[in-house]
Amino acid sequence: MSRLTRSDLDALPGYVPGRNVADLARDLGIPEAIKLASNEVPFGPLPGVPEAIAEAVTTSHRYPDMGVTVLRDKLAARYGVDPDRIVTGCGSVALAEHLAKATCFPGDEIVYAWRSFEAYPIIAAGVGATSVRVPNTPGHGHHLSAMAAAVTDRTRLVLVCNPNNPTGTSVTRADLDRFLDDVPSDVLVVLDEAYREFVTDAQVPDALAAYGDRPNVVVLRTLSKAWGLAGLRVGFLVAQPEVATAIRKVVTPFSTSLVAQAAAIAALDAGAEVERRCAIVVAERNRVTEALRKLLPDVPASQANFVWLPLGDRAAAFGAACESRGVIVRPFPGDGVRVTIGTPEENDAFLAAAEAALGQI
Ligand SMILES: *Cc1c(COP(=O)(O)O)cnc(C)c1O
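For the sequence shown, this note's numbering assigns the number 11 to the initial residue and increments by one for each residue that follows.
Laid out in structure tokens, this is it:
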């Protein structure tokens, strides 16, 4: 029988969003559930953002600025790069898709660590590329030398997630230097730094500062996490001008919406508040990690706004047990559980749920 859609998509797992909080609260008959499943920051929009959105809405019958000029200039000034090198998109996940579209023909290879960001396999499959997954080290981090060794003459793209979602691990400057020297110069390396603002380890490089000038490096950033705009979908990448030009050709027109542009511009004016919020998240991350290690000694150090519990076969049961106590976490069955850092009260509620869950599963 003929079919209307590609057969290879049948086997592809869908992206799993965190469970809805209101649904869970209703099911449990409790006033409020806590969602620690999607790596959002818990503090609400940044000051100035709701006002900028309200104002932007008054012209929302118009298309946005397709060149995203004001926002790109603002990003360029903040990060010290030429605006020509910046492409914005509907979240950095969309930009990763555009990168795959701009680099891969069907059958070409995309190399990435596994486990890493669950969007990567979906992105690769979307363009008919072959995913080459390089298993993480026993410490749950990227095995960079194995990733470099996995590059073949079919490889068009290598994705490095630093810090890694969902394990929170990070790679150091020395290791990345060596890796970038090993990868052929005609293969594009994407350094996905969605969690850069939460990094406190001085050995973990800021890719824009360290590698921004390398011709085959693209740095991906997002305003969804530290900048609190997850619901509005704004991400950006920094590439060499020729690469940026090619990527712009495949971006869906007007995909950084008028409201998203206005919100991002306002958010970027609140950099000091972002730093203050990130410091709270980092202090809580360290506190939660220490408390968890008393229950589960091999919790890896995280440089992001979440922690990873390498529970293996117990991951799904742990997720369900936390959920039954009103705390939504993100289990990856058979592998581990990712838990986003929330407010201190939310984290306390999670730690209590975790202790009970570990006693039960
Ligand atoms: C959250 C996340 C992103 C950003 O997603 P948006 O589409 O910008 O919301 C990108 N990469 C990784 C690894 C992430 O965890």
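Glycine residues also receive a C-beta, built at the ideal position from the N, C-alpha and C atoms.
Let me know the secondary structure DSSP gives residue i once reduced to three states.
{"i": "Ile40", "result": "coil"}
{"i": "Gly241", "result": "coil"}
{"i": "Pro57", "result": "coil"}
{"i": "Thr255", "result": "helix"}
{"i": "Lys304", "result": "helix"}
{"i": "Ala87", "result": "helix"}
{"i": "Phe316", "result": "strand"}
{"i": "Gly281", "result": "helix"}
{"i": "Arg340", "result": "strand"}
{"i": "Thr162", "result": "coil"}
{"i": "Gly346", "result": "strand"}
Tell me the residue span of the beta strand (DSSP E) that contains residue i.
{"i": "Glu356", "result": "Here Glu356 belongs to no beta strand (DSSP E); instead the alpha helix (DSSP H) covers 354-370."}
{"i": "Leu169", "result": "165-171"}
{"i": "Leu230", "result": "227-232"}
{"i": "Pro73", "result": "In the sequence as presented, Pro is not what sits at residue 73; that position holds Tyr. Where Tyr73 is concerned, there is no enclosing beta strand (DSSP E), given that its DSSP letter is neither H nor E."}
{"i": "Ser141", "result": "140-145"}
{"i": "Tyr25", "result": "Where Tyr25 is concerned, there is no enclosing beta strand (DSSP E), given that its DSSP letter is neither H nor E."}
{"i": "Ile133", "result": "Counting along the chain, Ile133 falls outside any beta strand (DSSP E), though it belongs to the alpha helix (DSSP H) covering 129-136."}
{"i": "Ala123", "result": "119-124"}
Need the endpoints of the alpha helix (DSSP H) that residue i sits in, please.
{"i": "Thr98", "result": "First-last for Thr98: 96-99, but that is the beta strand (DSSP E), not the alpha helix (DSSP H)."}
{"i": "Gly329", "result": "325-334"}
{"i": "Ala159", "result": "154-159"}
{"i": "Asp217", "result": "For the sequence presented, residue 217 should be read as Ala rather than Asp. Start and end: 217-221."}
Quick one: is the Cβ of residue i within less than 7 Å of any heavy atom of ligand 3?
{"i": "Cys171", "result": "Here the bound small molecules are ligand 1; ligand 3 is not part of this structure."}
Rounded to whole angstroms, how far is the Cβ of residue i from the Cβ of residue j, which I believe are closer than 8 Å?
{"i": "Val253", "j": "Val228", "result": "6 Å"}
{"i": "Ala301", "j": "Leu368", "result": "Not really, about 12 Å apart at Cβ, beyond 8 Å."}
{"i": "Thr177", "j": "Gly151", "result": "7 Å"}
{"i": "Val244", "j": "Gly90", "result": "19 Å between Cβ atoms; not a contact."}
{"i": "Ile44", "j": "Ile338", "result": "7 Å"}
When you compare the CB of residue i with every CB in chain D, is at least one pair closer than 8 Å?
{"i": "Val97", "result": "This model lacks chain D altogether, as it is built from one protein chain only."}
Exercise. Could you give the uninterrupted runs of the alpha helix (DSSP H) lying entirely in the region 176-206, keeping only those of 4 residues or more?
Worked result: 183-192
For this session: Kindly confirm or deny that the region 291-302 and the region 73-80 touch, where touching means at least three C-beta pairs closer than 8 Å.
Result: no
Exercise. Does the pairing of the region 116-130 with the region 253-273 give three or more beta-carbon distances under 8 Å?
Worked result: no
Exercise. Is there contact here, the region 337-357 with the region 217-228, by at least three beta-carbon pairs under 8 Å?
Worked result: no
Exercise. Are the region 68-78 and the region 203-211 touching by the rule of at least three beta carbon pairs closer than 8 Å?
Worked result: no
Exercise. Are the region 24-32 and the region 308-328 touching, with three or more C-beta to C-beta distances below 8 Å?
Worked result: no
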